[in-house]
Amino acid sequence: MMVKSKLDGPSFTHFTNALSVYKETLDLNKLTEILDKIFTDKPSLRFILLGLETWIKDHHKDEFQKYCEKMR
1 MMVKSKLDGP SFTHFTNALS VYKETLDLNK LTEILDKIFT DKPSLRFILL
51 GLETWIKDHH KDEFQKYCEK MR
């Protein structure tokens, strides 16, 4: 798994937890809040965010794309 090899242990745990929370609650704000904590100080790894789009529900895709653009 590419993400696991790029993130350190705690960041990867937060990452997988963020996806689980999103899947259960569909709370995009909570997901992006956690992603901010992981990727704000790791700009070289923000490309990982683009791969998340397949996990994002259709009704959140536009908002998530805007989030990704903001993080570039």
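Quick note: the sequence shown uses the UniProt record's numbering, first residue 1, plus one each step.
Idealized CB from N, CA, C, for every residue including glycine.
CB of residue i within 8 Å of CB of residue j, strictly
i	j	result
Lys6	Ile48	yes
Lys37	His14	yes
Glu53	Phe64	yes
Exposure of residue i, with buried meaning 16 or more beta-carbon neighbours within 10 Å
i	result
Leu26	exposed
Thr32	buried
Leu35	buried
Beta-carbon proximity list for residue i, same chain, < 8 Å, skipping 5 on both sides
i	result
His60	Leu26, Leu28
Where residue i falls: helix, strand or coil (DSSP)
i	result
Leu50	helix
Asp62	helix
Neighbourhood of residue i by C-beta distance below 7 Å, restricted to the same chain and skipping five residues each side
i	result
Leu19	Trp55
6 Å CB neighbourhood of residue i in its chain, flanking five on each side removed
i	result
Phe12	Lys4
Gly51	none
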